[in-house]
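Visitor: Chains as they are written, first to last, in my numbering: chain A, 18 to 352; chain B, 532 to 789.
Here it is, the structure in full.
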Amino acid sequence: MPPIISISNLSKTYDSGFQALQRVDLEIERGEVFALLGPNGAGKTTLISIMCGIVTPSTGVLTVDGHDIQKEYRAARSKIGLVPQELYTDAFESVLATVNFSRGLFGLPANPAHVEQVLKDLALWEKRKDRIMTLSGGMKRRTMIAKALSHEPKILFLDEPTAGVDVELRRSMWALMRRLREQGMTIILTTHYIEEAEEMADRVGVIHKGKLILAQEKAALMSKLGKKQLTLQLSSPLSALPRELAELGMTLKADGTELEYTIESNDESVPALLARVTGLGIGFKDIQTQKSSLEEIFVRLVSEQSSSRLPPPNLPGPPQASPAQGARAQNGAPQ
Amino acid sequence: MSALGFNHHGVRAIYKFEMARALRTLWQSVAAPVISTSLYFVVFGSAIGSHMGHVDGVSYGSFIVPGLIMLSLFTQSISNASFGIYFPKFTGTIYEILSAPVSQFEITLGYVGAAATKSVLLGGIILGTAALFVPVQVLHPLWMLAFLVLTAVTFSLFGFIIGIWANGFEQLQFIPTLVVTPLTFLGGAFYSIDMLPPAWRTVTLFNPVVYLISGFRWSFYETSDVGVGLSLGMTLGFLAICLGLVFWTFKTGYRLKR
């Protein structure tokens, strides 16, 4: 199956001269959850806005389910449901009226059964006659999702779906995303909560200063860039690190009471390592392992990109090492 | 160009939304024009009008009815249509219109259609109110309706453009207050331009509103300042200009898309 969204060489320069996106290439597969990460102002919302037709791209081609977003905008847009970051609502409308409005706007005849199902799925059915202004923030956000789902889209865009929402609502949003994914919906979400991407995404894209610096399977990204730290709490402190362990890259921490080791993906197994420690007569009372989070990976990638090694945009430069390799080279040494 | 063709569900959704907005504020929508029209008749019709003679063979109170309807039609069409498109821009809900599979023509049709409908209904309400105070006759009902609808559509289009252009609520009021109301008062709403000195009469002919009011009044009493054909031509001309402006506005994405 061809990708449901295909973006090639997409750039956007606003009238102010601000270049929000620079030559972005990206493909989104059918049925996947794709998380777009990046700091504030990186270009996430611009990219989503272009995909949804709100912002006009300066250059580049973008197709949605095979339809060009400009030439065949009707077909392209009817496939997309958008939930913006801000709570934009018609305060005086009822929940039911605003959801019916969205369905009509997207060119579909009324379908009370579908709208009822959507509202029930989002726990809004009881509130359907209430004016939106009387709803809580969480209900308003769910109303916006109901509007986006009213016209039975294939792709759902969630721009910062859990920004500023409480833990309970965040969990319920994640549960909703999982349900939609099971129904075959393609979901693209932007977030700057790494935890969210880690929890939800199949693939992760990182955007920074208008450039898509990486798009990769989350699991592959984690195993490639994610490091695992092993800490042994020793039974009795060591005064010095045995040479054999130092050669392996182990370090002595906490006044000699802890041994620390960073496990790279191609290293020898942890049991073998422990056997060598035990073989040297070093006793330990506890073992801890810690995996680096997507957040740490993200911070590394972004700081890597921000470093002055990059040539200025639009100037020809030597081929760059991939960001992944770069991050590895810089951060490869055990910390 | 499109797989779906004309998105009539989309146009209807916008139209219904806008009409529902008026229904929510039905009290203001009806009471305000009825009260202000009544005030005009108390002041101009009874208090001042009783001291005025007939104008072109029509009593002064009856003479000002078409001008009063036009005055309300201009201001209400502009304010309805400009508010209708400006408010989503202000609240941010415009995102949905921009991301929907509706063409610019369909968006305009929905908003302007609703605003013009409201204005035509309003014209009917004012006419009904006026008939309570003074004798009113409409000699050419079809012409009357044609002028009413064309003017409502033209000024709703104009308001729609203002709503797209405006960056704040005060800008919505700017053109209606500073341009349209003065032109209407100077455009023969309350007098025949024959009553002016010859030099001012010539100046007045540069006021586009003169043609709209004159043609509309002709459909009532067969009295006019300029020929009815010229009035109709000018009305259609303004309609064409407003359509052109809307087309240009959308083509450039001016102030809607970035």
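Just so you know, even glycine gets a beta-carbon here, dropped at the ideal spot from N, CA and C.
Note that this is a predicted model, so its numbers are computed, not measured.
Would B:Val777 pass as an interface residue toward chain A - the criterion being a Cβ-Cβ separation below 8 angstroms?
Guide: Cβ-Cβ to chain A under 8 angstroms: no for B:Val777.
Visitor: From A:Ser95 to B:Ser560, what does the alpha carbon distance come to, in whole angstroms?
Guide: Looking at the two C-alpha atoms, the distance is approximately 35 angstroms.
Visitor: In terms of DSSP beta bridges, what is A:Glu234 paired with?
Guide: Paired residue(s): A:Arg220.
Visitor: In the DSSP output, what is A:Tyr31 paired with across the bridge?
Guide: DSSP, once it has assigned bridges, lists no residue as partnering A:Tyr31.
Visitor: With distances taken from CA atoms, which of A:Pro126, A:Lys157 and A:Leu104 is nearest A:Val112?
Guide: Per the Cα distances, A:Lys157.
Visitor: Taking Cβ-Cβ distances shorter than 8 angstroms, what residues in chain B pair up with A:Ser75?
Guide: In chain order: nothing, as chain B lies at least about 11 angstroms away.
Visitor: Measure the alpha-carbon distance for A:Pro329 versus A:Ile205 and round it to whole angstroms.
Guide: Any reading at A:Pro329 needs caution, since the residue's pLDDT is 39, under 50, leaving its predicted position unreliable; the model's value is listed next. Using only the alpha carbons, I get a separation of about 30 angstroms.
Visitor: Does the distance from the CB of A:Thr268 to the CB of A:Gln250 come in under 8 angstroms?
Guide: Cβ distance not < 8 angstroms, so A:Thr268 and A:Gln250 don't count as in contact.
Visitor: Can a CB atom of chain A be found closer than 8 angstroms to the CB of B:Glu627?
Guide: Yes, contact with chain A.
Visitor: Could you name the residues of chain B that A:Thr106 contacts, counting a contact when the two beta carbons are closer than 8 angstroms?
Guide: Chain B residues near A:Thr106: Thr622 and Thr624.
Visitor: Could you check which residue in A:Pro19, A:Leu38 and A:Ser23 has the C-alpha nearest to that of A:Thr30?
Guide: The candidate whose alpha carbon is nearest that of A:Thr30 is A:Leu38.
Visitor: So, are the CB atoms of A:Met305 and A:Thr248 less than 8 angstroms apart?
Guide: Looking at the sequence itself, residue 305 of chain A is Gln, so the reference to Met does not match. Contact: yes.
Visitor: With a CB to CB cut of under 6 angstroms and the five nearest residues on each side skipped, what residues in its chain are close to B:Cys773?
Guide: Cβ neighbours of B:Cys773 beyond the five flanking positions: Thr685, Leu688 and Phe689.
Visitor: Count the other CB atoms, across all protein chains shown, that sit within 10 Å of the CB of A:Lys302; report buried if there are 16 or more and exposed otherwise.
Guide: So A:Lys302 ends up on the exposed side.
Visitor: Could you tell me whether the Cβ of A:Arg91 comes closer than 8 angstroms to any Cβ of chain B?
Guide: Chain B contact via Cβ: present.
Visitor: Using the Cα positions of A:Leu291 and A:Asn26, report the straight-line distance between them to the nearest angstrom.
Guide: C-alpha separation (whole angstroms): 50 angstroms.
Visitor: Of all the options A:Thr151, A:Leu104, A:His84 and A:Ala165, which has the alpha carbon lying nearest to the alpha carbon of B:Ser790?
Guide: In the structure as shown, chain B begins at 532 and stops at 789. Residue 790 of chain B is therefore absent and cannot be evaluated.
Visitor: With distances taken from CA atoms, which of B:Ser593, B:Leu557 and B:Trp779 is nearest B:Val573?
Guide: For B:Val573, the nearest C-alpha among the options comes from B:Ser593.
Visitor: Nearest CA to the CA of A:Met239: which residue from A:Glu212, A:Leu311 and A:Thr179?
Guide: Comparing Cα-Cα distances from A:Met239 to each of A:Glu212, A:Leu311 and A:Thr179, the minimum goes to A:Leu311.
Visitor: To the nearest angstrom, how far is the alpha carbon of A:Gln233 from that of A:Glu213?
Guide: A:Gln233 and A:Glu213: Cα-Cα distance of roughly 16 angstroms.
Visitor: Looking at C-alpha atoms only, which residue of B:Arg552, B:His585 and B:Ser634 is the closest neighbour of B:His539?
Guide: Per the Cα distances, B:Ser634.
Visitor: Which residue's Cα is closest to the Cα of A:Thr10: A:His225, A:Ser28, A:Gly296 and A:Phe123?
Guide: This structure gives no information on residue 10 of chain A, because the portion of chain A shown stretches from 18 to 352.
Visitor: Buried or exposed: where does A:Arg326 fall if 16 or more other Cβ atoms within 10 Å of its Cβ makes it buried?
Guide: Annotation note: pLDDT 46 at A:Arg326 (below 50); position unreliable, coordinate value reported separately. By the neighbour-count rule (16 or more Cβ atoms within 10 Å), A:Arg326 is not buried but exposed.
Visitor: Based on the DSSP secondary-structure assignment, which residues constitute the bridge partners of A:Lys270?
Guide: DSSP lists A:Glu275 as partners of A:Lys270.
Visitor: Give the secondary structure of A:Gly77 by DSSP, where H, G and I count as helix, E and B as strand, and everything else as coil.
Guide: A:Gly77: strand per DSSP, three-state reduction.
Visitor: Check for me: the beta strand (DSSP E) holding B:Thr754 runs from which residue to which?
Guide: Neither: B:Thr754 is in no beta strand (DSSP E) and is coded neither H nor E.
Visitor: Going by beta-carbon coordinates alone, are A:Leu197 and A:Leu231 separated by less than 8 angstroms?
Guide: In this structure, A:Leu231 does not lie closer than 8 angstroms to A:Leu197 by Cβ.
Visitor: Jot down the residue ranges of each uninterrupted alpha helix (DSSP H) in the stretch 566-635 of chain B, minimum 4 residues, whole runs only, in chain order.
Guide: As far as the stretch 566-635 of chain B is concerned, its whole alpha helix (DSSP H) runs of at least 4 residues are 591-622 and 625-630.
Visitor: If you reduce the DSSP assignment to three classes, tell me which class B:Gly644 lands in.
Guide: Helix at B:Gly644.
Visitor: Determine the direct distance from the alpha carbon of A:Leu318 to that of B:Ala771, and round the result to whole angstroms.
Guide: Answer to the nearest angstrom: the Cα atoms are 56 angstroms apart.
Visitor: Taking the beta strand (DSSP E) that A:Lys302 belongs to, which residues open and close that run?
Guide: It spans Phe301 to Lys308 - the beta strand (DSSP E) in which A:Lys302 sits, taken as one unbroken run.
Visitor: Whose C-alpha, out of A:Ala108, A:Asn128, A:Thr76 and A:Val223, is nearest the C-alpha of A:Thr151?
Guide: Looking at the Cα atoms, A:Ala108 is the closest of the given residues.
Visitor: Beta-carbon within less than 7 angstroms of A:Leu99's beta-carbon, same chain only, minus the 5 sequence neighbours each way: which residues are those?
Guide: The residues are Cys69, Ala165 and Phe174.
Visitor: Could you give the C-beta distance for A:Thr203 and A:Glu177, rounded to a whole number, given that I count them as a contact under 8 angstroms?
Guide: Between A:Glu177 and A:Thr203 the Cβ distance is about 18 angstroms, and since that is not below 8 angstroms, they are no contact.
Visitor: Examine chain B for any beta-carbon lying closer than 8 angstroms to the beta-carbon of A:Glu103, and answer yes or no.
Guide: Chain B, which has a Cβ nearer than 8 angstroms to the Cβ of A:Glu103, makes this yes.
Visitor: Cβ atoms of B:Val740 and B:Thr780: under 8 angstroms apart, would you say?
Guide: No, these two residues do not count as a Cβ contact at 8 angstroms.
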